[in-house]
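Student: Pasting a structure here, questions to come.
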C-alpha cells in the first residue's frame, strides 16, 4: 500500500481489491434489476442468472452445492441464523442443549448467550492453552438433549485452527448438528463439506478483500432451520429481502483472487514476524498454536506493558494493529480469548494482534518489528512491572 | 490521523515527564493492578523544613491517559507543599491536559490517587498524620484491598485470600489463605508489611500463612 501507512489489522477489515469493484460495477449500473423468474423481462432474467452463477461458485469454494448456500449480510448474520435458526427449529422436536467453545467470536458467543436467556441450556466448552478444543471432551459434553454444536474453524484473535475433522466426526457419531464459524479461515485454510461432515458454515467476503456486507451460510441439505427474516421467499425461504447481487458477484471475485501463493506469502510474513519478535524482544509470549494457526495471524503478548499504549505508539508511527487490552475495547473488558486459553489479565492487556493481507510486504513486517521493539523498550522503562 | 486524545495528552504520552523511580524515596505508593488494566507507582522526596515536594517520579503500566495524567500530576506537584499537592484532583489534572475522554476517567484517577497515597505514606512514616484515629480491622482491610493477588491480578480481599485480621495493642495479625511455601507468598508478605506497618499506632505486623 502507498507510502507511510502500514495496515496490519486485516482480521477486522480488508482493503477492497479493485478487481472486485470492477466485477461488481455492472450490477450497479447495467444489470441492476431484481432477480426475477424466467417469465419476466430480460434484465431480470440476466440478474437471476448472475445470482445463480455466483451462488454456485461461492458454494463450490466449500465443496457444496448451490442450493446449500444462503447469502447473508455478513458473518454476524450467518452465525445468528445458524444458532437461532436451528434452536428454533429443534426446540420442541429434540432438545434444548447447545455447545459452543469459550473462545468463539461474538456472533456465536452472544447468540448463545441470547438463547441461554431464552431458556436453552448452554455449555461453554473449555479450550487448552493453545486454544484447541479436545474432541473427547466435546464428546463427553454431548447429551441426548444436544441440538447443536458450534465450534469455530479458526480463532479471530489468536489464529488457532481447530481439528475440525475430529470435531465434526464426534458430532456426526452423536447425531448432533455441527456449525462452524469459518469467517477467518475461509479460502485461507482448506475446508470441504464433502469430506468433513459439517452441517452449517459461516463465511464472509470482507476478510479476503471482498466487499463488506457480503456473507454466506452453508446449510447442508435437509438441515432443520427456522425462517430467519419474514418477507418474500428469497434465499430458499429462509432469509427474505432483495437479493444483493453486486455483493454476491464481489464475493465470487474475492474468492477467485485468493491463490495458494498468496496464502504462502501470508504465512511467510507471519512466521517471520513471530520468529523475529520472539527472538529479539525479551518477555514476549506467542498467543495461540505455533503451527496450527491461520497463515495471516500473529498474536503476541508484550509483558509488563499495556496494549492500548503500544497500539497508540504504533499508530503514531503509521502502523495499524489491534490489542486484547481492556483499555482498547469500548466495553473495557479484556480479551475473552486470552482468558479462555488460561491467560491472566496482564497477558490479555499486553496482547497485540498483527493480521496480514494481500497488500502487505516483508519490508513492512520488518518495519513493524523494529518499531514495536523500540516501543516495548520505551514503555518498559516507565513500567512499574518488572521481571522477577 | 485521528485520536480520541488531544495534542497535549499525546505530547505527554509520547514524552512523559518525571518518569522513573526514586531510590529510597521519602514516600511512595502503588495504585491499581494489572487487573484494572492500569497500575501507577509514585515516588516523592520531601524537603524536611519547607514540607515541599522536592522531587517526584512515577512509573506507569497503563494506557495513554494513565501515562499522560501521571506526567501532568508530577509536573503539578513538584515544588508544592504537601498540603497543596494533596488537593490536586482529577479535574485539575484533566483540565491541565485540555480534557480526557470520559470513559478513560478511571485510568487517570489512578495517577491522582497514586500521588495522594505517596503523600499519605510520607506523612505516616514521618509522624505527620493529623487525625490519629486508632487502627481498626476495617482500616487494615481497606489497606489490604490495595495489595494485589498475583494469581488473579485482583486484590487480596476481593479474591478472599485474607482469612483473618486481628488488631490488638499495636499488633496487627493477618492470616493469608496460601501455603507458606507458595511462590507468591514472600511477595505478598512484603507488600502487606509495607502497607500496614506505616499506620501510626502499629508497632508490629504478624503475617501468617495457612497450610
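Chains as they are written, first to last, in my numbering: chain U, 293 to 680; chain X, 101 to 311. For each residue, glycine too, the CB sits at the ideal point set by N, CA and C.
Taking residue 596(U) as the query, report the chain X residues whose CB atoms sit under 7 Å from its CB, ordered along the chain.
Tutor: As a first step, residue 596(U) is located in the first chain; it is residue number 304 there, counting from the start. Going along chain X in sequence order, the residues near residue 596(U) (Cβ under 7 Å) are 161.
Student: Give a single yes or no on whether residue 160(X) has its beta carbon closer than 7 Å to a heavy atom of the ligand PLP.
Tutor: By its list of ligands, the structure shown contains no ligand whatsoever, and the ligand PLP lies outside what it can speak to.
Student: Span of the beta strand (DSSP E) holding residue 417(U)?
Tutor: On the first chain, position 125 is the one that residue 417(U) refers to. Its beta strand (DSSP E) spans residues 413-417.
Student: So residue 114(X) contacts chain U; which residues on that side make the cut at Cβ distance below 8 Å?
Tutor: For the purposes of this step, residue 114(X) is taken as residue 14 along the second chain, with counting starting at 1. 605, 608, listed in chain order.
Student: Verify whether the separation of the beta carbon atoms of residue 488(U) and residue 510(U) is less than 8 Å.
Tutor: Position 196 of the first chain, counting from 1, holds the residue named residue 488(U). Position 218 of the first chain, counting from 1, holds the residue named residue 510(U). Result no, Cβ atoms of residue 488(U) and residue 510(U) do not sit closer than 8 Å.
Student: How many Å lie between residue 545(U) and residue 339(U) at the Cα?
Tutor: The residue given as residue 545(U) occupies position 253 in the first chain. The residue given as residue 339(U) occupies position 47 in the first chain. When rounded, the distance between both Cα atoms is 16 Å.
Student: Please report the residue range of the alpha helix (DSSP H) in which residue 350(U) lies.
Tutor: Here residue 350(U) refers to the residue found at position 58 of the first chain. Segment 334-352, the alpha helix (DSSP H) holding residue 350(U).
Student: Can you pull the DSSP bridge partners for residue 645(U)?
Tutor: The count along the first chain starts at 1 and reaches residue 645(U) at position 353. DSSP output for residue 645(U) lists 591(U), 614(U) as bridge partner(s).
Student: Got a sec: is the Cβ-Cβ distance from residue 293(U) to anything in chain X below 8 Å?
Tutor: Within the first chain, residue 293(U) is the residue found at index 1, counting from 1. Summary for residue 293(U): the model assigns pLDDT 42, below 50, so the residue's position carries little reliability; its value from the coordinates is reported in the next sentence. No, residue 293(U) lies away from the interface with chain X (no Cβ there is under 8 Å from its Cβ).
Student: CA-CA distance, residue 428(U) and residue 434(U)?
Tutor: On the first chain, position 136 is the one that residue 428(U) refers to. On the first chain, position 142 is the one that residue 434(U) refers to. Taking the straight line joining both Cα atoms gives about 10 Å.
Student: Mind listing the chain U neighbours of residue 193(X)? Cutoff is C-beta to C-beta under 7 Å, in chain order.
Tutor: As a working note, residue 193(X) is residue 93 in the second chain. Within chain U, no residue comes near residue 193(X); the closest Cβ sits about 17 Å away, beyond 7 Å.
Student: Could you check which residue in 131(X), 159(X), 210(X) has the C-alpha nearest to that of residue 295(X)?
Tutor: One-based indexing of the second chain puts residue 295(X) at position 195. The shortest Cα separation from residue 295(X) among 131(X), 159(X), 210(X) belongs to 131(X).
Student: At a Cβ threshold of 8 Å, is residue 353(U) touching chain X?
Tutor: As a first step, residue 353(U) is located in the first chain; it is residue number 61 there, counting from the start. Judged by the 8 Å Cβ criterion, residue 353(U) is not in contact with chain X.
Student: Chain X beta carbons: is any one of them nearer than 8 Å to that of residue 674(U)?
Tutor: Taking the first residue of the first chain as position 1, residue 674(U) is located at position 382. Residue contact with chain X for residue 674(U): present (Cβ-Cβ distance below 8 Å to some residue of chain X).
Student: Can you look up residue 512(U) in the DSSP assignment and give me helix, strand or coil?
Tutor: Within the first chain, numbered from 1, the residue matching residue 512(U) stands at position 220. Residue 512(U): coil per DSSP, three-state reduction.
Student: Specify, as a first and last residue, the run of the beta strand (DSSP E) that residue 127(X) falls within.
Tutor: Start at 1 with the first residue of the second chain, and residue 127(X) comes out as number 27. Element bounds for residue 127(X): 127-133.
Student: Between the stretch 116-131 of chain X and chain U, which residues of the former have CB atoms less than 9 Å from a CB of the latter, in chain order?
Tutor: 116, 119, 120, 121, 130
Student: For residue 526(U), which residues in the same chain have their Cβ closer than 8 Å to its Cβ, ignoring the five residues on either side in sequence?
Tutor: Locating residue 526(U) in the first chain gives position 234, counting from the first residue. The answer, listed in chain order, is 532, 533, 534, 535.
Student: Between residue 677(U) and chain X, is the shortest Cβ-Cβ distance under 8 Å, so that the two count as touching?
Tutor: Residue 677(U) sits at position 385 when you count from the first residue of the first chain. It does; some Cβ of chain X falls within 8 Å.
Student: Answer with yes or no whether the minimum CB distance from residue 433(U) to chain X is below 8 Å.
Tutor: Here residue 433(U) refers to the residue found at position 141 of the first chain. Judged by the 8 Å Cβ criterion, residue 433(U) is not in contact with chain X.
Student: Quick one: grab the DSSP three-state call for residue 503(U).
Tutor: Looking up residue 503(U) in the first chain gives position 211. In this structure, residue 503(U) counts as coil in the three-state DSSP scheme.
Student: Output, in chain order, the set of chain U residues within a Cβ distance shorter than 8 Å of residue 167(X).
Tutor: In the second chain, counting from the first residue as 1, residue 167(X) sits at position 67. In chain order: 601, 674.
Student: Candidates 643(U), 611(U), 560(U): which alpha carbon is nearest residue 578(U)'s?
Tutor: Taking the first residue of the first chain as position 1, residue 578(U) is located at position 286. Of 643(U), 611(U), 560(U), the residue nearest in Cα terms is 643(U).
Student: May I ask which residues mark the beginning and end of the beta strand (DSSP E) holding residue 279(X)?
Tutor: For the purposes of this step, residue 279(X) is taken as residue 179 along the second chain, with counting starting at 1. From DSSP, the beta strand (DSSP E) with residue 279(X) extends over 271-279.
Student: Determine the direct distance from the alpha carbon of residue 233(X) to that of residue 265(X), and round the result to whole angstroms.
Tutor: The residue you call residue 265(X) lines up with position 165 of the second chain. The residue you call residue 233(X) lines up with position 133 of the second chain. Taking the straight line joining both Cα atoms gives about 18 Å.
Student: Buried or exposed: residue 596(U), going by 16 or more other Cβ atoms within 10 Å of its Cβ?
Tutor: To locate residue 596(U), count along the first chain from 1; it is residue 304. By the 10 Å Cβ count, residue 596(U) comes out buried.
Student: Which chain U residues are close to residue 164(X), counting only those with a beta carbon under 7 Å from its beta carbon?
Tutor: Locating residue 164(X) in the second chain gives position 64, where the first residue counts as 1. Contact of residue 164(X) with chain U by beta-carbon distance below 7 Å involves 600, 601, 604.
Student: What do you reckon, are the CB atoms on residue 507(U) and residue 355(U) nearer than 8 Å?
Tutor: For the purposes of this step, residue 507(U) is identified with residue 215 of the first chain, where counting begins at 1. For the purposes of this step, residue 355(U) is identified with residue 63 of the first chain, where counting begins at 1. No.
Student: Give me the DSSP bridge partner(s) of residue 308(X).
Tutor: For the purposes of this step, residue 308(X) is taken as residue 208 along the second chain, with counting starting at 1. BP columns for residue 308(X) point to 275(X).
Student: Residue 218(X) CB to nearest chain U CB: under 8 Å?
Tutor: Indexing the second chain from 1 puts residue 218(X) at position 118. Cβ-Cβ to chain U under 8 Å: no for residue 218(X).
Student: Identify which residue in 674(U), 449(U), 491(U), 628(U) has its Cα closest to the Cα of residue 302(U).
Tutor: Here residue 302(U) refers to the residue found at position 10 of the first chain. Residue 449(U) is the option with its Cα nearest to residue 302(U).
Student: Could you pull out every unbroken alpha helix (DSSP H) segment of at least 4 residues lying fully inside the stretch 168-209 of chain X, listed in chain order?
Tutor: 182-186, 190-196
Student: Sorted by chain position, which residues of the same chain lie with C-beta nearer than 6 Å to residue 589(U)'s C-beta, five sequence neighbours on each side aside?
Tutor: The residue labelled residue 589(U) in the question sits at position 297 within the first chain. The residues are 451, 647.
Student: Return the first residue and the last residue of the alpha helix (DSSP H) that residue 422(U) is part of.
Tutor: Locating residue 422(U) in the first chain gives position 130, counting from the first residue. Element bounds for residue 422(U): n/a, residue is neither H nor E.
Student: Give a yes or no on whether the C-beta atoms belonging to residue 279(X) and residue 255(X) are separated by under 8 Å.
Tutor: Translated into positions along the second chain, residue 279(X) becomes position 179. Translated into positions along the second chain, residue 255(X) becomes position 155. No. Outside cutoff.
Student: List the residues of chain U that residue 141(X) touches, going by C-beta distances under 7 Å, in chain order.
Tutor: Position 41 of the second chain, counted from the first residue, corresponds to residue 141(X). Those are 676, listed as they occur along chain U.
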